[in-house]
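Count the sequence shown with mature numbering (1 follows the signal peptide of the UniProt record, and there is no 0) and you get residues -27 to -1, 1 to 568, in order. Note that CB positions come from ideal geometry on N, CA and C, so glycine has one too. Input: a single structure, listed below in structure tokens.
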Amino acid sequence: MRRGLTALPTALLICAIGLRRYSPNLGRRNNRGTDWDDRYLTGDGPPPPPTTTSTSTAKYFWEREGSSCIHVDDVCGHGSGWFYGPSSGHREASLHQPSILLVQNYSDLIETHIYLDGLMIDGRIRFSVNSSSSTTRHGNYDDSTCSYSPVPNHLVVQSAYNDMMGEFYSRTILGLNRWMRDFPTSSHEDVQTYIHFIDRRKGRILEGHELFLGGLPNNGIFDSFAALMPKNDTCQCYERLIFCGYVVKDGITTTSMIDADEGTIIFAPGQSITNPKTDKLDWRDAGDKYRILRTELIDTYSRKWPDLNERIVQYQKRILIQRGIILNDDPSDVIDWKIVGLTHRRARRVWLNIDDVVTTCNEKFRLHRIVCITINVEAAKSAEEQLLMHRSLHAVVGVHGAQLTQAILLPTHAYVLELLPWVPYYLWGEWVTTTHVPTPLGVIFTGTDLNHVGHPLGRDSVPLCLHVNSSDVEADRLCLMNQTSGVMDRFRWADRDYIVSPRTIEEFVSTFLLNDDDTICDEMRKRAERTSFVLYNAFCKSGGSPSTFIAQQYYREKNWMLPKKPHDMGQDLMIEKLNEGFLRKKRYPTEMQFK
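Pasting the structure below:
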């Protein structure tokens, strides 16, 4: 879903590492035609920046050293290009109007962003401004056609794989949130946000993007960077344009580049929006940063919608009514019910037997006031619906992938069951099956007040080569890895549809949801160990303090459920090294860091 601009932009921000501040939508109407409630903003005002860092010369996050942000002042777009306009209120001496050029080099992007399936760079996106266009006469500026936006700061954010929700959450939202809260602008209305999608084929803003950006201090209007490009029929000027998630290129000669003078600042898309407080690569340090991010996002929505809890209850009631569990006028309290959401997708990693599993689950657990339903973030019509959907659940179950990212907004004590794809030794992707450490997606739940559980799926979850005796490992491998027949393309874990035994979900519900009153850490650990689950993160009571909840991690030994690999150690080492190299490029923890 894409939001159109309500007014001509005034300032444009582009940062390599975004910073965002606490400011919802004061006096603005949302996409459903209702007013945001922003009365909380009239209290004590925004929090002050950290006292340990001087703000005398760097008041805002885009000016901070290490923010990887780049900004320009008083820039206008018209026709096919950009130029600097007259001051919109600054003193001329304070304006930042350098010669600057955005480059999107195919080879560089393939290397830094690891686009394994190729890349279609969005040629509509061009940004180049020459400092010589900023003259006392401003020959390109015309008062009769040019107009400054009432929004002072326009922020463009970019990161690798930002079309994938888990990557967007970790690479964009995590760092940007910290910057914006530590160095806030004077009002949430001062920031309007755009997403720069490198690959034109994947340039659609999803409700999930809006959901996570909506938890940040901005004016709630989001669009793609492409929509900000100059148009022939208008002259749009921006008080400040900020780019976050970019890197300044060194050692590049500008003589061969069109419209690039000597000394031109050349910048390019980076991998993420970085922040010293969130940039630790080791998964062991993930807890605090993801716990704080989750808390701040939920707190923002709670303040934005003071009636959020009432909306959640009504959403839960609607779920129970639609399934014939209660009547419309039933006075019974929905709080007595637990709702388990099984994630469904329209394409890729489709849960093929999800309807059968839901039916079996409800037949077995309805008497225990537990109801299983299917949920589909792709079918949600708004970010608000995605928020209510997840805040209404007591557990989410789904295969490893982006559709589990929104589970970070589940209520306290809720469960996330991550089904780990079956990845045999000869298939690329072992990192999505780890049980001795969190998976790359699962790390976002570490240290939070949620319970994160994993379950490795087996060969029987793969609906391919069923005519082959799976006990004959070599024959099974030859069939599954057959490129000529096209089976291999459907066998890759990221593209494969899957089947889950109803017994797996029954065991999960029985082990955890039927015993959720027993939240002593050691008891939760024992229950997981007696089953086929790994308890990545348990929000539980320590034995010494029964009233205090803490986050504990109970990992399994590496590959504890996998049979011995029927191949020599040399091949095993080769596969490990390939996986390790990919993880390092992806900025995921490597095998060496886990030891």
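When DSSP states are grouped into helix, strand and coil, T268 belongs to the helix group. Closest by C-alpha distance to I238, out of D163, P411, I73, D303, is I73. When DSSP assignments are scanned along the region 328 to 370, the uninterrupted stretches of alpha helix (DSSP H) that are 4 or more residues long and fall wholly within it turn out to be 356 to 364.
The beta-bridge partner set that DSSP reports for G54 consists of H51. Note that the region 322 to 338 does not touch the region 513 to 530; fewer than 3 beta-carbon pairs, one per stretch, sit closer than 8 Å. Residue pairing by DSSP leaves G39 without any beta bridge partner. The C-beta distance from N191 to Q165 rounds to 7 Å, short enough to fall under 8 Å. In the structure shown, S143 adopts helical secondary structure according to DSSP, grouped into three states. It is roughly 7 Å from the alpha-carbon of N126 to the alpha-carbon of Y211. Counting along the chain, E84 sits inside the alpha helix (DSSP H) bounded by residues 79 to 86. Under a 10 Å Cβ-count criterion, R321 is classified as exposed, with fewer than 16 other Cβ atoms of the shown protein chains found around its own Cβ. Ranking Y527, L400, V416, V45 by CA distance to the CA of L451 puts L400 first. CA-to-CA, the gap between V426 and L508 works out to about 5 Å. With fewer than 16 other Cβ atoms from the protein chains shown falling within 10 Å of its own Cβ, G52 counts as exposed. In the displayed model, D261 falls within a helix according to three-state DSSP. Between R469 and P413, the CB-CB gap reaches or exceeds 8 Å. In summary, I178 is buried, with 16 or more beta-carbon neighbours lying within 10 Å of its beta-carbon over all protein chains present.
Assignment of E530 by DSSP, reduced to helix, strand and coil, places it in the coil class. As DSSP reads the structure, Y388 sits in a beta bridge with A368, N424. Bridge pairing for Y167: V129, D196 [DSSP].
In terms of Cβ geometry, T378 and M138 form a close pair [threshold 8 Å].
Out of L423, D163, H182, T385, the CA that lies nearest to the CA of E391 is found in L423. If you compare the alpha carbons of V48, G188, L75, I43 with that of E357, the shortest gap goes to G188.
Residue A368 holds the alpha-carbon nearest to the alpha-carbon of A387 among V372, A368, P397, Q376. Judged by DSSP in its simplified three-state form, H440 adopts coil rather than helix or strand. Residue state for K290 is assigned as helix, using DSSP reduced to three classes. Beta-bridge annotation (DSSP): P429 is paired with L393. A199 and Q526 have their C-alpha atoms spaced approximately 43 Å apart. Membership of A241 in the beta strand (DSSP E) is indicated by the continuous run 238 to 242.
In this structure, V129 places its C-beta atom within 8 Å of the C-beta atom of F216.
For R498, the enclosing alpha helix (DSSP H) starts and ends at 494 to 502. Here the alpha carbons of Y88 and S80 stand approximately 10 Å from one another. Each of D449, V396, K290 was checked against the Cα of L439, and the nearest Cα belongs to D449.
The secondary-structure analysis by DSSP pairs K311 across a beta bridge with I343. Ranked by Cα distance from H86, the first of V45, I171, S41, P59 is I171. Counting along the chain, A511 sits inside the beta strand (DSSP E) bounded by residues 507 to 515.
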